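This report concerns only the one structure given below.
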Amino acid sequence: MGEKLLADVVTATGLPEDLVTVELNRLVAKAGKKPEDLTLEELRLILAEYVQDVLLAAHREFSDTEN
10 MGEKLLADVV TATGLPEDLV TVELNRLVAK AGKKPEDLTL EELRLILAEY
60 VQDVLLAAHR EFSDTEN
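Take the sequence shown: its position 46, counted from the start at 1, is 55 in my numbering, and no numbers get skipped.
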């Protein structure tokens with residue numbers, strides 16, 4: 010189920026599929042999961058953490074440019 014789930018998410022982004030696939034696989038591996046065993050809830054948690062990290066990095070960068 011996990012590989013199909015990841016493929017669906019990659020397609021749904023509308024972004025270059027090879028780049029998104031590499032990044033999602035990196036995130037899944039970093040979380041200690043295997044793509045073929047990934048559940049929807051696990052993917053949600055992984056992506057929520059990723060979005061939080063991206064937003065915090067953007068906030069830091071934006072704060073640095075204001076000073």
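C-beta: ideal position from N, C-alpha, C; glycine also. Since the structure is predicted, the reported quantities are computational estimates derived from the model, not experimental observations.
Separation of residue j from residue i, as counted between CA atoms
i: aspartate 73; j: leucine 65; result: 12 Å
i: alanine 57; j: valine 63; result: 10 Å
i: aspartate 17; j: lysine 42; result: 18 Å
i: valine 29; j: glycine 23; result: 9 Å
i: glycine 11; j: leucine 33; result: 12 Å
i: glutamate 75; j: arginine 69; result: 10 Å
i: glutamate 90; j: valine 31; result: There is no way to answer for residue 90, as the model of the chain reaches only from 10 to 76.
Which of helix, strand or coil DSSP assigns to residue i
i: alanine 40; result: coil
Proximity below 8 Å, CB of residue i to CB of residue j
i: alanine 67; j: isoleucine 55; result: no
Cβ separation of residue i and residue j, assumed to be a contact under 8 Å, to the nearest whole Å
i: leucine 49; j: leucine 14; result: 6 Å
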